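These notes concern the structure reproduced below.
There are 2 protein chains.
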Amino acid sequence: MPVKARDRLLATAEELFYAEGIRAVGIERILAESGVGRASLYRHFPSKDDLVVAVLEARDRRWRSWLAERVEALGGHPLAVFDALAERFAHNDFRGCAFINTMIESADPDSPAHRVAAAHKERVVDYLEQLLTAAEVTEPALQARQFALLMDGAIVTALRERTPTPAARARRLAETLLTADDPAP
Amino acid sequence: MPVKARDRLLATAEELFYAEGIRAVGIERILAESGVGRASLYRHFPSKDDLVVAVLEARDRRWRSWLAERVEALGGHPLAVFDALAERFAHNDFRGCAFINTMIESADPDSPAHRVAAAHKERVVDYLEQLLTAAEVTEPALQARQFALLMDGAIVTALRERTPTPAARARRLAETLLTADDPAP
DNA sequence: CAAAAACGGTACCGATCAGTACCGTCTGCG
DNA sequence: CGCAGACGGTACTGATCGGTACCGTTTTTG
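Chains as they are written, first to last, in the numbering used here: chain A, 9 to 193; chain B, 9 to 193.
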């Protein structure tokens, strides 16, 4: 057990929160499955909410760097984000977007968890805008939001249908978007 | 108090579940805000899960008949579904799609609530296919799933951005979809 | 009109929730 | 080597969870 208690807590909490939901997972479960003592948890995180925020912030960083890495590896084209999504949808432990799930579960928009989740999505939109600007697309800011809408639609649909195909379908939609708006009026 | 206890329970539970989430709302809250006695609740619904299912089934019927009515009133064109969505997004008590929220909150795909929510989405896809078939679109079955993806994407985005604009943006995406695939190879 | 069903209110159940306090032990570092 | 901080384990708190049992009253209905 070379890993520190704090890291084990974050890893266990992230796994359980993603798989079953934040509200559905009690402190007891996290303590049992991580092997961390009760006092140690509250020494690192004053409350469950603080643990939730820490988990989401870590996941935000990891998820976005993963996306950038995959897009890079697939050629750097904006459409590659949908190929990256398809990879994630294929995992059988896929359970949608942790940040969408958090915004839905933590209904209050002013709650810390909700804010962190919303901030993540904005950062993703910013990244998409960078990609689209680099690809010399017209109106990259607007197109980035269209891409984000397609990504979230694909994620929710994949969660519902339990297949990776929505990624390919969203990609086709994004293609028609780019080709249709290329010759601007 | 002309309304029966059962109806008041369904109405109160639906409102609270939608606004704050199923898990976040306890039986106590529903009893207090509906003015129904404890025994009466368990006489009509053996458990909270049964109440949840009954609420979702009622909402499914009402939501789909509302959509059909709005689309009819807006001319019957498939794209009208996005105009209907825009109306819903404008309400300040909009909190996304109750069925998406339920599938996320009730993570287990085999749970009764999750199944009812998934069944609702399938019925919406069926309705979209009818609309697209009537509009003589090529491959209506596939296009219906594309429309559903765009609807869910718009709903999640509207929840995130807290504006009705994602409906218009999803509609534009659907338009390019229809015009691009009209002249099939 | 009277029997029956539906009703609202209250007390209670065991289980679980997040969080606190204190314990003895282990470990890394000066 | 010694000690300070990090650690795991246990016992406990008050609050709340879903659910049961029983109360007397109101409303419906045959």
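Just so it is clear, CB atoms sit at the ideal spot from N, CA and C, and this is done for glycine as well. Note that the structure is a prediction, hence the values are computed from the model and not measured.
Contact belief for residue i with residue j at Cβ below 8 Å, rounded distance in angstroms
| i | j | result |
| --- | --- | --- |
| L17/B | S55/B | Actually they do not touch by this definition, with Cβ atoms about 13 Å apart. |
| I97/B | P172/B | Per the sequence shown, residue 97/B should be read as Phe rather than Ile. Confirmed, about 4 Å. |
| A197/A | A121/A | Within the shown structure, residues of chain A are numbered from 9 to 193, placing residue 197/A beyond reach of any answer. |
| A143/B | M159/B | Going by Cβ atoms, the distance from A143/B to M159/B rounds to 16 Å, so no, they are not a contact pair. |
| T165/B | L185/A | About 15 Å; that fails the 8 Å criterion. |
Boundaries of the alpha helix (DSSP H) in which residue i is found, first to last residue
| i | result |
| --- | --- |
| V79/B | 56–81 |
| R46/A | 46–52 |
| F90/B | 88–98 |
| T110/B | 106–113 |
| D134/B | 120–142 |
| A149/B | 148–169 |
| F25/A | 13–28 |
| A40/B | 35–42 |
9 Å Cβ cutoff, residue i in contact with chain B
| i | result |
| --- | --- |
| G45/A | no |
| P191/A | The pLDDT assigned to P191/A is 47, lower than 50, so where the model puts this residue is not dependable, and the model offers no usable value. |
| L75/A | no |
| R179/A | no |
Neighbour flag for residue i against chain A, beta carbons, 9 Å
| i | result |
| --- | --- |
| P123/B | For the record, residue 123/B in the displayed sequence is Arg; it is not Pro. For R123/B, the answer is no, since every Cβ of chain A falls outside 9 Å of its Cβ. |
| A126/B | yes |
| P10/B | Residue confidence is low: P10/B scores 47 on pLDDT, short of 50, so the model does not pin down where it sits. No coordinate-derived value is stated. |
| D134/B | no |
| P174/B | yes |
| R131/B | no |
| L82/B | no |
| L87/B | no |
| R72/B | no |
| R170/B | yes |
| A188/B | yes |
For this session: Inspect the CB distances between the region 58–68 of chain B and the region 17–26 of chain B and report whether three or more fall short of 8 Å.
Result: Proximity of the region 58–68 of chain B to the region 17–26 of chain B meets the contact definition, three or more beta-carbon pairs being nearer than 8 Å.
Exercise. Mind listing which residues of the region 38–69 of chain A have their C-beta closer than 7 Å to chain B's C-betas, in chain order?
Worked result: Answer set for the region 38–69 of chain A: empty.
For this session: For the region 13–37 of chain B, enumerate the residues whose C-beta is nearer than 8 Å to any C-beta of chain A, in chain order.
Result: A27, E28, G29, R31, A32
For this session: Tell me, please, whether the region 75–90 of chain A touches the region 125–140 of chain B by the rule of three or more beta-carbon pairs shorter than 8 Å.
Result: no
For this session: Could you list the residues in the region 136–148 of chain B with a C-beta less than 7 Å from some C-beta on chain A, going in chain order?
Result: none
For this session: Check each residue of the region 90–117 of chain B: if its Cβ is closer than 8 Å to any Cβ of chain A, include it; give the result in chain order.
Result: Flagged, chain order: R103, G104, I108, N109, M111, I112, E113, A115, P117.
Problem set entry | chain B contacts made by the region 149–168 of chain A, where a contact means CB separation under 9 Å | The residues in question are L150, R153, Q154, A156, L157, L158, M159, D160, G161, A162, I163, V164, T165, L167, R168.
Exercise. So, do the region 108–120 of chain B and the region 23–40 of chain B have three or more beta carbon pairs nearer to each other than 8 Å?
Worked result: At 8 Å Cβ cutoff, the stretches touch.
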